[in-house]
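In my numbering, the protein residues as written are 59 to 256.
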């Protein structure tokens with residue numbers, strides 16, 4: 059078997075799991091054509107859809123009216139997301155192919171940083187701008203530092219605190235679920251993860 063420095067994979071969640079995380083059963087994410095995609099592919103397809111972005115803006119209008127967003131309009135939001143996507147994709151694929159994802163990965167919080175040496179942890183990757191805000195978050199499980207990551211989803215940050223916005227609460231639930239699944243199966247190294255998925 060050939061050796062790669064870093065393994066990066068993406069989670070797939072079925073409709074029942076996604077609804078359990080807090081996603082509305084009528085949402086784009088749990089219906090065709092998006093339900094068939096892994097979480098990494100799905101988020102780019104969603105963010106490329108002006109229809110999805112306009113609905114996202116309308117659904118979260120109370121957040122976008124806060125001072126944090128400085129009077130952003132729906133059109134500015136949609137245009138900034140679409141403009142950022144190609145840059146984000148290029149940056150991420152460069153990080154993947156150069157095996158340097160670890161250079162931009164941050165633990166979700168201090169408790170994850172403290173646990174990093176002895177167990178898998180939840181991490182985030184910040185990329186892309188909306189209305190002068192570093193607004194895109196990709197979430198993953200760092201199974202083994204610098205060696206193995208499982209992407210669990212992504213979100214547009216609409217509030218300063220992850221647990222105070224519905225979309226990032228859902229992402230936290232995905233991370234927790236995937237981490238529990240990996241832990242219960244004893245998956246804590248790149249090699250064990252590869253054996254588990256193959």
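All C-beta atoms in this analysis are idealised placements derived from N, C-alpha and C, irrespective of residue type, glycine included.
Legend entry - For residue 236 and residue 226, believed in contact at Cβ under 8 Å, the rounded distance: Their Cβ separation, rounded to whole angstroms, is 15 Å, which puts residue 226 and residue 236 out of contact at 8 Å.
Legend entry - Simplified DSSP assignment, three categories, for residue 62: coil
Inset, instruction - Could you tell me the boundaries of the beta strand (DSSP E) in which residue 182 lies? - result: 179-188
Inset, instruction - Find out if the Cβ-Cβ distance for the pair residue 197, residue 166 is shorter than 9 Å. - result: yes
Inset, instruction - Look at the Cβ atom of residue 68, then the Cβ atom of residue 99, and state whether they are nearer than 9 Å. - result: yes
Legend entry - For residue 213, the residue or residues it bridges with in DSSP: 195
Legend entry - Nonlocal neighbours in the same chain, by C-beta distance under 8 Å from residue 170, ignoring five residues either side: 179, 180, 181
Legend entry - Three-state secondary structure assigned by DSSP to residue 116: helix
Inset, instruction - Using the Cα positions of residue 115 and residue 61, report the straight-line distance between them to the nearest angstrom. - result: 44 Å
Legend entry - Status (buried if at least 16 other CB within 10 Å, exposed otherwise) for residue 210: buried
Inset, instruction - Classify residue 145 as buried or exposed, calling it buried when 16 or more other Cβ atoms lie within 10 Å of its own Cβ. - result: exposed
Inset, instruction - Decide yes or no for the touch test of the segment 128-143 against the segment 183-203: beta carbon pairs closer than 8 Å, at least 3 of them. - result: yes
Inset, instruction - Could you tell me the boundaries of the alpha helix (DSSP H) in which residue 224 lies? - result: 224-242
Legend entry - Per DSSP, the bridge partner or partners of residue 200: 179, 207
Legend entry - Spatial neighbours of residue 42 in its chain, beta-carbon cut-off 7 Å, leaving aside the 5 residues before and after: Outside the modelled stretch of the chain, which goes from 59 to 256, sits residue 42, for which no answer is possible.
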